[in-house]
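Trainee: Numbering (the working numbering), first residue to last: -13 to 472. Just so it is clear, CB atoms sit at the ideal spot from N, CA and C, and this is done for glycine as well. What you are looking at is a predicted structure, and each value in this text was computed from that prediction instead of being measured. Structure below; questions to follow.
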């Protein structure tokens, strides 16, 4: 829900198109924004995904050369059945290889499960798409409803509720585990006082708050916890024994460790009231079971619910063909159409998707929250014309007197609620964005620095003995930030 990155300032339109990670401050690469799924240039068998050797080459390059993960597991469903290709390790210093049974946080892929719970309830006749969310809440809990058009379950599932990406009263006491203390009391307090900027159903705005609220409402209706509801309605019927929120028997030795953009270990996240937006953990093997049911390769009692997910669609409003279904994102059209979702937490990246015209499904899980992630791998395996992310430009640090760093130390405001703090730690200089881990930055020219594992640079404007402002250069955008006094 917040893997928070410096791309807070990416335009709202681009956020809607590509920021389906579970994050507060979304980042992603410009190349995927411009990516089109045009007519395939390859003439090989479209029902077969790339070979294991081809996939392993991609993973080896991503981990060993680009240093964008510690371990990645890819699962494929195609005409030849299921297969797993993996490279790397569960954690730094752990000699065991990752595999199809390795457990990862899956972040916003959880949203597809939440939408499936809604579709299943509708199929069972206990709810409707147009059911007002307020009807599921206890007496005394107020929703920020428009008097003429209340927020419905459909609005939440399609990100058309008018609710913001995150609640404004999300103020974690521990930024390394940012949702642990956001319970129902804080959620209800936000709902009671929030004044929406737009009516529901008017504009698509990706909302982790909305998805989390949907999961909470469905759990209230069922009289179960969100995890109990997922297990009883989805994972138990599909025999997915390794998908849950809380640790299960036998998990301890199979859990990957999450890593931040600097490939340093980070703690897992504990989501509280907003679990439906991204709390699930799973394995590649389990998510292949989920994909087989979604594609229709296996029969399951959830088949009608999976069908319903795609029956409701809203345009993303980005000027292209992309649509928001219940849970899923739909990109492209015709034979090139791809159904997908991705995810990201403080230490993990995930991608799950399939291509209806070929029957190919892909799962990609990584135990690092680096900028490149695994979205491009998933898209490329579904459509070979979709490009892989380019390697970051290699930059070289120059030697400077560390005392010169004092001119840059301070806090700079990128947005009303998003600041970048620059500070020294001995002879090293760090940048830390609101709610994020610190990232070391290195000098490449006078007053200009770069991050090694994130494609971002910072230039300072210095007058006299200290910087009065900085500019963040990332994703093709130059975002100025004045120094503020704190």
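Would you tell me roughly how many angstroms separate the C-alpha atoms of residue 389 and residue 413, rounded to the nearest one?
Mentor: Their backbone Cα atoms lie some 8 Å apart in a straight line.
Trainee: Which residues in the same chain have their Cβ closer than 7 Å to the Cβ of residue 342, if we skip the five residues on either side of it in sequence?
Mentor: 323, 325
Trainee: Okay, do the stretch 375 to 385 and the stretch 328 to 338 touch, 3+ Cβ pairs below 8 Å being the bar?
Mentor: no
Trainee: If you reduce the DSSP assignment to three classes, tell me which class residue 271 lands in.
Mentor: helix
Trainee: How many angstroms separate the CA atom of residue 357 from the CA atom of residue 86?
Mentor: 23 Å
Trainee: Are residue 183 and residue 231 close, meaning C-beta to C-beta below 8 Å?
Mentor: No; because the gap between Cβ atoms is not below 8 Å, this pair is not in contact.
Trainee: Could you give the DSSP three-state label for residue 213: helix, strand or coil?
Mentor: helix
Trainee: Do residue 212 and residue 203 have their C-beta atoms closer together than 8 Å?
Mentor: no
Trainee: What does the Cβ neighbour count give for residue 191, buried or exposed, with the cut at 16 atoms within 10 Å?
Mentor: buried
Trainee: Do residue 113 and residue 107 have their beta-carbon atoms positioned less than 8 Å apart in this structure?
Mentor: yes
Trainee: Using the DSSP secondary-structure output, state which residues sit across from residue 426 in a beta bridge.
Mentor: 416
Trainee: Taking the C-alpha atoms as reference points, what is the distance between residue 372 and residue 291?
Mentor: 30 Å
Trainee: Between residue 512 and residue 194, what straight-line distance do the alpha-carbon atoms span, to the nearest angstrom?
Mentor: Here the chain has residues from -13 to 472 only, and residue 512 is not among them.
Trainee: Expressed to the nearest angstrom, what Euclidean distance is found between the alpha-carbon atoms of residue 398 and residue 405?
Mentor: 6 Å
Trainee: Would you call the stretch 161 to 169 and the stretch 254 to 262 touching, i.e. three or more CB-CB distances under 8 Å?
Mentor: With the cut-off at 8 Å, the stretch 161 to 169 and the stretch 254 to 262 touch.
Trainee: If I measure Cβ to Cβ from residue 448 and keep anything under 6 Å in the same chain, skipping five residues before and after, which residues do I get?
Mentor: Excluding sequence neighbours, residue 448 sits near 393, 433.
Trainee: Just to confirm before moving on: does the CB-CB distance between residue 139 and residue 200 stay below 8 Å?
Mentor: yes
Trainee: Determine the contact status of residue 88 and residue 59, defining contact as a CB-CB distance below 8 Å.
Mentor: In this structure, residue 59 lies closer than 8 Å to residue 88 by Cβ.
Trainee: Give the C-beta separation of residue 105 and residue 277 to the nearest angstrom, bearing in mind that I take them to be a contact with Cβ-Cβ under 8 Å.
Mentor: Rounded, the Cβ-Cβ distance is 16 Å, inconsistent with contact.
Trainee: In this structure, does DSSP put residue 447 in helix, strand or coil?
Mentor: If DSSP states are grouped into helix, strand and coil, residue 447 belongs with the strands.
Trainee: Count the other C-beta atoms from every protein chain shown that fall within 10 angstroms of the C-beta of residue -8, then say buried if there are 16 or more, exposed otherwise.
Mentor: Because residue -8 carries a pLDDT of 31, less than 50, the predicted location of this residue cannot be relied on, and the following value inherits that uncertainty. By the 10 Å Cβ count, residue -8 comes out buried.
Trainee: Please go through the same chain and pick out, in chain order, the residues whose beta-carbon is closer than 7 Å to the beta-carbon of residue 307, but skip the five residues on each side of it.
Mentor: Sequence-distant partners of residue 307 (beyond 5 residues in either direction) whose C-beta falls short of 7 Å from its own C-beta, in its chain, are 318, 319.
Trainee: Between which two residues does the beta strand (DSSP E) containing residue 73 stretch?
Mentor: 67 to 74
Trainee: How should residue 269 be labelled, buried or exposed, when 16 other C-beta atoms within 10 angstroms of its C-beta is the threshold for buried?
Mentor: buried
Trainee: Per DSSP, what are the beta-bridge partners of residue 309 in this structure?
Mentor: According to DSSP, residue 309 bridges with 301, 316.
Trainee: Give a yes or no on whether 8 Å exceeds the smallest Cβ distance from residue 153 to chain D.
Mentor: Among the chains of the structure shown, chain D does not appear; only one protein chain is present.
Trainee: May I ask you to list the residues that DSSP assigns as paired with residue 176?
Mentor: Bridge partners of residue 176: none, in fact.
Trainee: What would DSSP say about residue 388, mapped onto helix, strand or coil?
Mentor: In this structure, residue 388 counts as helix in the three-state DSSP scheme.
Trainee: With DSSP collapsed to three states, give me the class of residue 42.
Mentor: helix
Trainee: Using a Cβ-Cβ cut-off of 7 Å (strictly less than) and excluding sequence neighbours within five positions of residue 30, which residues of its own chain qualify?
Mentor: Because the pLDDT of residue 30 is 45, which lies under 50, any placement of that residue in the model is unreliable, and the number read from its coordinates should be weighed accordingly. So no residue of the chain qualifies.
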